[in-house]
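Numbering (the working numbering), first residue to last: 2 to 367.
Glycine included, every Cβ here is placed at the ideal spot set by N, Cα and C.
All remarks here apply to the structure that follows.
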């Protein structure tokens with residue numbers, strides 16, 4: 002998990018199917034710059050022609066007024082069947098605007114394909130194009146602060162950052178929002194209330210980043226439980242990123258200080274989360290051009306945990322707690338499930354010393 006005030010951030014902006022890349026190497030782009038586009042095939046629609054015309058499947062081709070591959074408009078006549086020397090005519094209008102794909106003599110059905118659906122991929126972050134993959138997408142790179150959360154909902158959004166609370170433990174309540182917050186990303190402290198979340202949606206707030214939220218409030222807002230699938234595709238009208246965990250949990254001091262420093266800056270956020278295998282974390286990108294010296298902890302990260310390594314506990318009963326490694330006992334210890342596992346001793350921010358399985362913690366890259 003990363004909490005970095007300055008680092009190179011790169012994003013691969015990829016199309017779902019092959020298409021056209023609209024930018025070139027070295028281009029300077031904005032978050033809303035469209036970097037690639039394509040057309041997704043429209044939805045298929047089955048038309049029961051045999052039933053509507055009152056014919057046999059074999060008779061369908063002779064009744065067709067259009068050919069396979071033709072584009073037709075909604076309401077245009079696709080087929081006509083005449084009886085009694087033309088005294089009775091039955092017509093088949095197109096239910097959609099689209100293309101005729103199949104005329105089946107076996108089923109007596111037509112298969113129509115709706116209009117192609119345009120798909121455009123934007124840059125998400127400002128920066129420079131450092132790689133172009135023809136027909137697929139581009140890699141965008143910027144420099145800035147990069148912060149990962151522990152859970153989120155909602156997809157990619159941008160806005161101006163506004164710190165709405167005094168300190169990392171302060172609650173984010175409804176009275177701290179105003180009509181001027183439309184389109185902004187609001188920073189809270191320890192707890193986001195349900196009333197505040199609903200008011201933010203009503204005001205058109207782009208996103209909220211906060212230390213914690215009551216799990217019951219979140220489920221009431223979502224109208225569903227919290228599963229293990231990938232979040233981020235929800236349409237809640239807002240992106241929410243939780244940096245610490247569920248409950249009243251103060252935001253990490255370094256995280257809050259970064260937000261405080263860049264209050265008023267442009268920010269890009271993404272609440273997409275995968276809380277099972279193949280972890281995807283919600284993220285915050287604050288682009289800036291400052292050169293900030295930070296400790297290079299890549300060596301320690303690659304070597305694993307050592308005494309003094311900053312960690313976050315990601316399982317109950319200390320879920321979301323932050324601390325540092327005190328010791329790494331060599332011998333296996335028995336946990337509540339009866340299994341023998343490797344553990345570590347940690348000193349939490351509140352002064353408590355706890356023993357937890359090593360698999361229940363993650364390293365914080367600061």
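Can residue i and residue j be called in contact, C-beta distance under 7 Å?
i, j, result
"residue 93", "residue 79", "yes"
"residue 112", "residue 103", "yes"
"residue 242", "residue 146", "no"
"residue 35", "residue 23", "yes"
"residue 130", "residue 32", "no"
"residue 156", "residue 141", "no"
"residue 365", "residue 311", "yes"
"residue 95", "residue 73", "yes"
"residue 154", "residue 235", "yes"
"residue 169", "residue 251", "yes"
"residue 248", "residue 213", "yes"
"residue 196", "residue 175", "yes"
"residue 50", "residue 138", "no"
"residue 322", "residue 348", "no"
"residue 160", "residue 186", "yes"
"residue 97", "residue 285", "no"
"residue 183", "residue 4", "no"
"residue 115", "residue 44", "yes"
Since residue i sits in a beta bridge, which residues does DSSP pair it with?
i, result
"residue 342", "334"
"residue 197", "DSSP lists no partner for residue 197."
"residue 14", "139"
"residue 317", "Answer by DSSP bridge pairing: none, since residue 317 is not bridged."
"residue 159", "269"
"residue 364", "312"
"residue 35", "123"
"residue 358", "344"
"residue 72", "100"
"residue 80", "65 and 93"
"residue 9", "144"
"residue 128", "30"
If you draw a straight line from the C-alpha of residue i to the C-alpha of residue j, how long is it?
i, j, result
"residue 389", "residue 99", "Outside the shown range of the chain (2 to 367) lies residue 389, about which nothing can therefore be said."
"residue 329", "residue 345", "5 Å"
"residue 207", "residue 53", "49 Å"
"residue 9", "residue 48", "53 Å"
"residue 39", "residue 58", "37 Å"
"residue 317", "residue 19", "44 Å"
"residue 13", "residue 269", "15 Å"
"residue 361", "residue 200", "35 Å"
"residue 42", "residue 118", "6 Å"
"residue 359", "residue 224", "34 Å"
"residue 205", "residue 266", "18 Å"
"residue 297", "residue 307", "Legend: pLDDT at residue 297 = 49, less than 50; position of this residue unreliable, no value from coordinates given."
"residue 2", "residue 357", "18 Å"
"residue 164", "residue 135", "41 Å"
"residue 258", "residue 264", "10 Å"
"residue 319", "residue 198", "25 Å"
"residue 67", "residue 133", "42 Å"
"residue 237", "residue 190", "22 Å"
"residue 101", "residue 85", "29 Å"
"residue 304", "residue 46", "The pLDDT assigned to residue 304 is 49, lower than 50, so where the model puts this residue is not dependable; a value taken from the coordinates is nonetheless given after this. Going from the Cα of residue 304 to the Cα of residue 46 covers about 56 Å."
"residue 274", "residue 152", "6 Å"
"residue 63", "residue 56", "11 Å"
"residue 300", "residue 354", "For residue 300, the predicted structure reports a pLDDT of 42, less than 50, and the residue's modelled location is therefore unreliable. The matter cannot be settled from this model."
"residue 302", "residue 363", "Residue placement at residue 302 is flagged as unreliable, the pLDDT there being 44, under the threshold of 50; a coordinate-derived value is accordingly withheld."
"residue 21", "residue 194", "44 Å"
"residue 150", "residue 65", "58 Å"
"residue 314", "residue 192", "19 Å"
"residue 1", "residue 30", "Any question about residue 1 goes unanswered here, given that the chain covers just 2 to 367."
"residue 88", "residue 61", "19 Å"
"residue 143", "residue 246", "28 Å"
"residue 343", "residue 324", "18 Å"
"residue 262", "residue 180", "24 Å"
"residue 280", "residue 91", "58 Å"
"residue 333", "residue 220", "38 Å"
"residue 124", "residue 253", "29 Å"
Got a sec, what are the start and stop residues for the alpha helix (DSSP H) residue i sits in?
i, result
"residue 51", "50-54"
"residue 271", "That residue, residue 271, is in no alpha helix (DSSP H); its beta strand (DSSP E) goes 267-271."
"residue 61", "61-64"
"residue 217", "216-223"
"residue 259", "254-262"
Span of the beta strand (DSSP E) holding residue i?
i, result
"residue 123", "118-123"
"residue 152", "152-154"
"residue 100", "99-104"
"residue 324", "323-328"
"residue 243", "240-247"
"residue 284", "284-288"
"residue 24", "First-last for residue 24: undefined, no H or E at that position."
With a cut-off of 8 Å on the beta carbons, I'd call residue i and residue j a contact; round off their distance for me.
i, j, result
"residue 210", "residue 239", "With a Cβ gap of about 11 Å, residue 210 and residue 239 do not count as contacting."
"residue 291", "residue 7", "6 Å"
"residue 309", "residue 326", "6 Å"
"residue 260", "residue 177", "No, residue 260 and residue 177 are not in contact; Cβ-Cβ is about 15 Å, not under 8 Å."
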